[in-house]
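Residues 1 to 95 (the UniProt record's numbering) are what the sequence shown spells out, left to right.
Note that the Cβ used here is the ideal one computed from N, Cα and C, for glycine as well.
Data block below; observations after.
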Amino acid sequence: MNNDNPEHAMTFGELLELIHDQQRRINVLETAFSYLAFGLEGKSCQLLIHSLKLEANNQTYDTKTQEYFAKLAEQFEVRNSGVSETATIPNDHNI
């Protein structure tokens, strides 16, 4: 909060609404991104999965971020393999 300029101060309720809006936007992006697996050819999807796994092992990321990359790679593998099991988008509730 910016106490020096009351015009830019935000109430707690406004902050919560901003956070919820950002969560909704992230959910939309995650869902849209997860559908890429259906549009990629086999080799392209395998390269994407490999890259996501590399990011999952990248020590410059914190543990939680690495887990998100690993979960996303797993989802792409499931969708690319043609398995009909339901995969979920990584979020704080799944990891």
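Per DSSP, reduced to three states, the secondary structure at residue 62 is coil, with no helix or strand assignment. A residue is called buried when at least 16 other Cβ atoms come within 10 angstroms of its Cβ; residue 68 meets this threshold and is buried.
Looking at 36, 71, 41, 38, the one whose alpha-carbon comes closest to that of residue 53 is 71.
Within the same chain, and ignoring the five residues on either side of residue 55 in sequence, the residues whose Cβ sits closer than 6 Å to its Cβ are 69.
Of the residues 23, 10, 33, 22, the one whose Cα lies closest to the Cα of residue 75 is 33. Residue 32 carries a helical assignment under DSSP once its states are collapsed to helix, strand and coil. For residue 9, there is no enclosing alpha helix (DSSP H), as DSSP marks it with neither H nor E.
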